[in-house]
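Asker: Numbering (my numbering), first residue to last: 47 to 352.
Okay, here's the structure, questions in a sec.
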């Protein structure tokens, strides 16, 4: 059985942040968030990493992270471009926006063939515990009558920013610890009275989220079967959903998983962690993230010269 591969989605520019936040220094020695993710993944057992990027960003990523990661991991780049699609599909004319996180992962298909994969965002600090748990799961996961996937679930209160709203996949979990459903909430925040709420979205009214509710931060684990399901999913998305919003519609990773669960074809074990998420969603988040990482370094969880 092939060893798990870490796949990092890094093709987004970070529009809310106002710059290429994936390579913005946050650590005490000028480290970027990705340095910590790759370090934690390596300590958990990962030996290969695939960065999904836009082709024009390869040199910037190689300078910022790739060269360092190569000292102890195999590094490859997959390119998310609008012309990389399953055979017969074509991006709508005039479209410039990327096609979403599920398409990003599909773009790494050739580089990860036959291997289980863990998928993360480039700009989220997940914590060492999350990488240990997902590597442990993927090291033994086998499909049987269903595809056996997993995700790391964070407590919603541990994933908020003080500087605006965040998007999260809000999860319901069954009695066996399997993901029952996941609903993307695009504007979650803590109110002055302490309640955690999400804003109305289209026909969906606003609502409240209880503390302790597990949410997805796009830390997924997949057996090798997942890439072929993305072929099918992208074809359905192009046929059924993209025509309704050809310039901006996106095929998101949680939607792809939820589709398989609802069809009875897959399960996703929710691996819970009490780790605190840190991320630079907005430029104003950077000082608090830097303080948190400096504190973790002072406590000995990370070396200063990472």
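C-beta: ideal position from N, C-alpha, C; glycine also.
1. Taking only the alpha-carbon atoms, compute the straight-line gap between residue 112 and residue 99 and give it to the nearest angstrom.
2. Please state the DSSP three-state secondary structure of residue 59.
3. Just to confirm my understanding: we take residue 177, look at its own chain, exclude 5 residues before and 5 after, and list those with CB closer than 6 Å. What are they?
4. Only counting runs of 3 or more residues, tell me where the beta strand (DSSP E) segments fall wholly within the stretch 134-185, in order along the chain.
5. If we call anything under 9 Å between Cβ atoms a contact, is residue 300 one with residue 162?
6. By Cβ distance, which residues of its chain are closer than 8 Å to residue 214, with the 5 residues on each side in sequence left out?
7. With a CB to CB cut of under 6 Å and the five nearest residues on each side skipped, what residues in its chain are close to residue 154?
8. Here's the rule I'm using: 16 or more other beta-carbon atoms within 10 Å means buried, otherwise exposed. How should residue 105 be labelled?
9. Grouping DSSP H, G and I as helix and E and B as strand, with all else coil, what is residue 64?
10. Using 8 Å as the threshold, is the stretch 303-315 in touch with the stretch 208-224, meaning 3 or more CB pairs across them?
11. Identify the residues that DSSP records as bridge partners of residue 266: which are they?
12. Which class does residue 11 belong to by DSSP, given the choice of helix, strand or coil?
13. Where residue 323 and residue 333 are concerned, what is the direct C-alpha to C-alpha distance, given to the nearest angstrom?
14. Looking at the secondary structure, which residues open and close the beta strand (DSSP E) in which residue 253 lies?
15. Which partner residues of residue 319 appear in the DSSP bridge assignment?
16. Going by C-alpha to C-alpha distance, which of 140, 148, 190 and 120 sits closest to residue 7?
17. Near residue 101, what residues of its chain come up, given a Cβ to Cβ distance below 6 Å and the 5 sequence neighbours on each side ignored?
18. Check this for me: beta carbons of residue 347 and residue 174, under 9 Å apart or not?
19. DSSP on residue 50, reduced to helix/strand/coil?
20. Please give me, in chain order, every unbroken run of the alpha helix (DSSP H) with length at least 4 that falls completely inside the stretch 271-316.
21. Just grab the DSSP bridge partners of residue 237 for me.
22. Going by the CB atoms, is the gap between residue 151 and residue 273 shorter than 9 Å?
23. Is DSSP giving residue 333 helix, strand or coil here?
24. Tell me the rounded alpha-carbon separation between residue 290 and residue 251.
25. How would you call residue 284, buried or exposed, if buried means at least 16 neighbouring beta carbons within 10 angstroms?
26. Rounded to a whole number of angstroms, what is the C-alpha to C-alpha distance between residue 295 and residue 308?
27. In three-state terms, what does DSSP make of residue 84?
28. What did DSSP end up calling residue 75 once you bin it into helix, strand or coil?
29. Can you have a look at residue 344 and say buried or exposed, based on whether 16 or more other CB atoms are within 10 angstroms of its CB?
30. Am I right that residue 120 and residue 94 are in contact with their C-beta atoms under 8 Å? What's the rounded C-beta distance?
31. Taking all protein chains shown into account, do 16 or more other C-beta atoms lie within 10 angstroms of the C-beta of residue 304, making it buried, or fewer, making it exposed?
Answerer: Looking at the coordinates:
1. 12 Å
2. Residue confidence for residue 59 is low, a pLDDT of 45 falling below 50, so the modelled location carries little weight; the figure read from the coordinates is stated next. It is coil, neither helix nor strand.
3. Excluding residues within five positions, the ones whose Cβ falls inside 6 Å are 86, 87 and 90.
4. 163-167
5. no
6. For residue 214, where only same-chain residues beyond five positions count, the Cβ hits under 8 Å are 202, 205, 230, 231, 234, 261, 262 and 263.
7. 53, 96, 98 and 124
8. exposed
9. Its pLDDT being 41, under 50, residue 64 is placed unreliably in this model, and the value from its coordinates should be taken loosely. Note: residue 64 maps to coil in three-state DSSP.
10. yes
11. In the DSSP output, where bridge partners are listed per residue, residue 266 has 165 and 197.
12. The structure shown does not extend to residue 11, since the chain is modelled only from 47 to 352, so the question has no answer here.
13. Roughly 15 Å between the two C-alpha positions.
14. 253-255
15. 200
16. No answer is possible for residue 7: it lies beyond the span of the chain, which begins at 47 and ends at 352.
17. 125
18. yes
19. coil
20. 272-282 and 299-308
21. According to DSSP, residue 237 bridges with nothing at all.
22. yes
23. helix
24. 22 Å
25. buried
26. Between residue 295 and residue 308, the alpha-carbon positions lie close to 21 Å from each other.
27. helix
28. coil
29. exposed
30. 4 Å
31. By the neighbour-count rule (16 or more Cβ atoms within 10 Å), residue 304 is buried.
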